[in-house]
Amino acid sequence: MDLPRGKQIVIALTYIFGIGKTTAQKILKEAGVPETTRQDDLTPDQEDKIRAVVDNYRVEGDLRREVSLNIKRLQEIGSYRGIRHRRGLPVRGQNTKNNARTRKGKKVTIAGKKK
Numbered sequence: 001m002d003l004p005r006g007k008q009i010v011i012a013l014t015y016i017f018g019i020g021k022t023t024a025q026k027i028l029k030e031a032g033v034p035e036t037t038r039q040d041d042l043t044p045d046q047e048d049k050i051r052a053v054v055d056n057y058r059v060e061g062d063l064r065r066e067v068s069l070n071i072k073r074l075q076e077i078g079s080y081r082g083i084r085h086r087r088g089l090p091v092r093g094q095n096t097k098n099n100a101r102t103r104k105g106k107k108v109t110i111a112g113k114k115k
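The numbers in the UniProt record's numbering rise by one with no breaks, and the one at position 115 of the sequence shown is 115.
Right under this line is the structure:
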């Protein structure tokens, strides 16, 4: 685990992709490590316990791979969500008439009618 030094361990764990604050709290409770402990102050024994608990979760590369495979599967079966992913449009039913700039990308202007 490559965590930022000097931060509380509950915050440092959230730097791992797939671990949020709630999951970090659960991990520390399971490992028996106080949340207020700083990352620098962990004993090697505590680090091993935390590492063992984190290994039970799907994080980093495995999680990224799973998410991309799920999206790929939706696209292959031709579902509505898969089509929206393929076209780069919002997937969850948001309006696209005025908004959705983040998903659609930079505005492409079309030349107007000249007088």
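Just so you know, even glycine gets a beta-carbon here, dropped at the ideal spot from N, CA and C. Predicted, not measured: the structure shown is a model, and the values here were computed from it.
Local conformation of residue i per DSSP, three classes
i   : result
Q8  : strand
R81 : helix
R38 : strand
C-alpha distance - residue i paired with residue j, whole-angstrom precision
i   : j    : result
R38 : K104 : 42 Å
K7  : R84  : 40 Å
K26 : I110 : 52 Å
T22 : R58  : 15 Å
The alpha helix (DSSP H) enclosing residue i, as first and last residue numbers
i    : result
Q46  : P44 to V54
R92  : Taken as a continuous stretch (DSSP letters only), R92 belongs to no alpha helix (DSSP H), as it is neither H nor E.
T102 : R101 to K104
Q25  : K21 to A31
Self-check item: At least three beta-carbon pairs within less than 8 Å, the stretch 86-106 to the stretch 47-55
Solution: no
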